[in-house]
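Report on one structure; see the data block that follows.
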Amino acid sequence: MGVTGLLQQLKEIQHKTTLSQYSGKKLAVDTYGWLHRGLISCAQDLCTDAPTRGYVTSVMKKVDMLRHFGVEPVMVFDGAPLPTKEGTLLERRLRREKARENAQLMVQKGDRKGAWKEFMKAASVTPEMAKLVMVELDRHGVAYVVAPYEADPQMVYLEKTGAVDGILSEDSDLLVFGCRRLITKLNDYGECIEICRDDLHKVPRMALDKFTPAQWRLVAILSGCDYTKGIPGVGLKTAFNVVLKLSNLDKIVASFRADNKLVPEDFLEEAYKADLAFQYQKVFDPKINSLSTLCEVPSDVDLDVLEVCCGRRLDANIHAGICQGKLHPFSHDTLISREHNLSATRSQSIAVVQTKTAKGIPTPAASQTSQSFTCTRTIESYFKRDEKAAQPSFAKPNMALKRTSEKTTQLSPSSKKLKRFQTTSGAETTLSKFFASSPPTIPPVLVLLQPKPSDADFGFITGDSEVPDSSSPVKDDKSSIAGYATDDDADMGPSTVNSMANSATYMRLQASASTKIESNCDDGYENDIDESPIKTEKISISWRQRFAMEAVAEDSTCKPATIRKFEDVRVTTSKSEKQSDQRKTEPEEAFCDSLESSSSPQTPEEIPEWPTYPESAQLKSLQQTFMSDIDETIYLSPQRVLTIMPQKSSASKLLRFAFTGK
DNA sequence: CCTTATTTCTCCT
DNA sequence: GAAATAAGG
11 MGVTGLLQQL
21 KEIQHKTTLS
31 QYSGKKLAVD
41 TYGWLHRGLI
51 SCAQDLCTDA
61 PTRGYVTSVM
71 KKVDMLRHFG
81 VEPVMVFDGA
91 PLPTKEGTLL
101 ERRLRREKAR
111 ENAQLMVQKG
121 DRKGAWKEFM
131 KAASVTPEMA
141 KLVMVELDRH
151 GVAYVVAPYE
161 ADPQMVYLEK
171 TGAVDGILSE
181 DSDLLVFGCR
191 RLITKLNDYG
201 ECIEICRDDL
211 HKVPRMALDK
221 FTPAQWRLVA
231 ILSGCDYTKG
241 IPGVGLKTAF
251 NVVLKLSNLD
261 KIVASFRADN
271 KLVPEDFLEE
281 AYKADLAFQY
291 QKVFDPKINS
301 LSTLCEVPSD
311 VDLDVLEVCC
321 GRRLDANIHA
331 GICQGKLHPF
341 SHDTLISREH
351 NLSATRSQSI
361 AVVQTKTAKG
371 IPTPAASQTS
381 QSFTCTRTIE
391 SYFKRDEKAA
401 QPSFAKPNMA
411 LKRTSEKTTQ
421 LSPSSKKLKR
431 FQTTSGAETT
441 LSKFFASSPP
451 TIPPVLVLLQ
461 PKPSDADFGF
471 ITGDSEVPDS
481 SSPVKDDKSS
491 IAGYATDDDA
501 DMGPSTVNSM
511 ANSATYMRLQ
521 ASASTKIESN
531 CDDGYENDID
541 ESPIKTEKIS
551 ISWRQRFAME
561 AVAEDSTCKP
571 ATIRKFEDVR
581 VTTSKSEKQS
591 DQRKTEPEEA
601 FCDSLESSSS
611 PQTPEEIPEW
621 PTYPESAQLK
631 SLQQTFMSDI
641 DETIYLSPQR
651 VLTIMPQKSS
661 ASKLLRFAFT
671 GK
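Taken in order, the first sequence gives residues 11 to 672; the numbers are from the numbering used here.
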């Protein structure tokens, strides 16, 4: 939003430069702006609760670019909405949900482009997404701060206090807030446009330098900004002119009314509140680790009004927690990243399927920790129950499954791939019912990977170092803006983390008891792989992890010594009925490909009978090689086991990626 | 001339 | 969400 047309008016003082000009300087970055543009690459995944790191990579790419030019970014995130804006927020949420429904409809109709458009409208940046970016920033040692409320005044405050030398943002509102050096329109080559407050006198049309900060705010308020709707028929030009002529807002409104312009009844009040918000909005001072205001609040301002339009004052520790990214800015709960939330949910959904595949033998890991939960049933009993529920849909997909499989074909290649192995027909519904019936007695099955902080980009699906307080390196990072507000959780071990994640997962599972079933459809799969090596690589990494886990779970010492026999990996079949290309959709063939580690196709005669997998020495060696590679980096939760039951075709293809990287 | 409505593009493979 | 463009006052 911002002030519409303001940048257009300032064309003359838009100074074209490159980032290299700011080498050695610090710049505040409007991170939500970057995140918003990053939505384009993963809007659908975000709307359908599919895992994605697209938004993180797009932000980190720009961070890397800044550092390449010697610019040190200070990433600023938005916090909570101002109380005055909560209505708008609700409105937007409703709009997004409508767009989401529209998108689903269009997906069903087969209108891919229309669906994408709707997904774009429906996608939004959430604090949980911001958290994943923060985790990544921690790893790279990049400073960041979450504004208690809006990022704009926060960034201007940082500039004002000398914490940064300029502000990188597309928002023209920043000039109204009092930004001195605004850098906009940064492209991939480091080219950008600088707007300096000191250059305002160079604007030929009007005596813009004559405008006081108060007059600037008034112009924004009259023509419409984030805090006011403005007056119909009044744009930037008329606002500038009238503010120059008449200094007083009452006179201005009177003159507009005389001109038969419809000035809203509550405009004066709205204008007053907006004026306060521009000046005294609450910000966070990282230096003193406490709340502050953009400008000093005069004594004659009503503090109650200030609370409403400049942000409420909360407990100091809560503010500190929010601004360091530890607490959710809305709910004040522990902030957990989107992908971690998702992976916890998924791991648990998949877990019950796994217990079946373990053939009734309680894993050593499970027996070790049986005291941590009251388990009233044998592991075997779960298998039987599972088998009953799951088997029919595996054997023959029903109509509902077929419909969803058609839906799946409309998904982006990445989400298609991921969905195939995240959800297994029948398994999820079984699990959900299961958990709803007797929650506390069920051992939550979850594997948490805790890679070392230095292991960049290790987790894609399986979770990451963003588990709060256990592995985030920020605590030891002297360069980070501020220390933690609370240290009472410093001694949290992996098991505590696990139980924490489990309870969160459990609640989520109940909430999404009716999660839809996804089936697979294999058209164009090979093409997808060839076309997206990066995403494939990411997927393959996650699958390497998962296969490592299976092997680890077999061994009582929790070391990857035994390699699981391949027959244990049960795989489901759900072939597309519209197979046009046998080569693409025959899983056996793909599987043989993986054994050969080559792209040369096998003849159907050589394909072994499904579902008997061959004991392949080659596969074993590949797996073992891989095991030794990641031995050091995987920490398996002692009581938890995870195995995935991907569908037949995906499984074979994924095996190839997991072990050959092709 | 100014404001408002409409369209196109952002990203990535 | 923003810029460019077209249309209306």
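Note that beta-carbon positions come from the ideal geometry of N, C-alpha and C, so glycine has one too.
If you look at Thr248, you'll find it in the alpha helix (DSSP H) that goes Leu246 to Lys255. Around the beta carbon of Arg356, 16 or more other beta carbons lie within 10 angstroms, which makes this residue buried.
In this structure, Ile193 sits away from Glu201, with a CB-CB distance that is not shorter than 8 Å.
Nearest to Asp162 by alpha-carbon distance, out of His342, Asp183, Leu142 and Ser347, is Asp183. For His25, the enclosing beta strand (DSSP E) begins and ends at His25 to Thr28.
If the five residues before and after Gly321 are omitted, its C-beta is found closer than 7 Å to the C-beta atoms of Leu92, Pro158, Tyr159, Gln291 and Lys292, all from its own chain and listed in chain order.
In this structure, the beta-carbon distance from Thr238 to Ala281 falls below 8 Å.
For the options Leu16, Gln24, Thr14 and Gln18, the alpha carbon positioned closest to that of Asp208 is the one of Gln24.
Residue pairing from DSSP leaves Phe187 without any beta-bridge partner.
The alpha-carbon of His211 is positioned some 46 Å away from that of Ser347. In the three-state reduction of the DSSP assignment, Cys305 falls in the coil class. Look at Ile177 here: in three-state DSSP terms it is strand. Assigned with DSSP and collapsed to three states, Ile328 falls in helix. Here His338 is buried: its Cβ has 16 or more other Cβ atoms, across all protein chains shown, within 10 Å. Under DSSP, Tyr154 takes part in a beta bridge, and its partners are Met85.
With fewer than 16 other beta carbons inside 10 angstroms of its own, His150 counts as exposed.
Less than 8 Å separates the beta-carbon of Leu45 from that of Tyr65. Here the alpha carbon of Met139 sits roughly 29 Å from the alpha carbon of Gly172. Only buried fits Val84, as 16 or more other CB atoms lie within 10 angstroms of its CB. Residue burial annotation: Gly335 is buried, with at least 16 other C-beta atoms found within 10 angstroms of its C-beta.
Ranked by Cα distance from Asp74, the options Leu147, Lys26 and Cys52 are led by Leu147. Residue pairing by DSSP places Phe294 opposite Leu301 in a beta bridge.
When the five nearest sequence neighbours on each side are left out, the beta carbons in the same chain lying within less than 8 Å of the beta carbon of Leu278 are those of Leu259, Asp260 and Val263, in order along the chain. Here Leu228 has Val253 and Leu259 as same chain residues with Cβ atoms under 7 Å from its own Cβ, once five neighbours each way along the sequence are excluded.
Inter-segment contact for the region 76–83 and the region 120–128 is absent: fewer than three beta-carbon pairs are separated by less than 8 Å. Asp121 carries a coil assignment under DSSP once its states are collapsed to helix, strand and coil. Taking Tyr42 as the centre and dropping the five residues before and after it, the same chain places the C-beta of Phe87, Asp88, Val135, Ala140 and Ala161 closer than 8 Å to its C-beta, in chain order. No Cβ-Cβ contact shorter than 8 Å links Gly240 with Gly15. Between the beta-carbon of Ala330 and that of Asn351 there is about 23 Å, and that puts the pair past the 8 Å contact cut.
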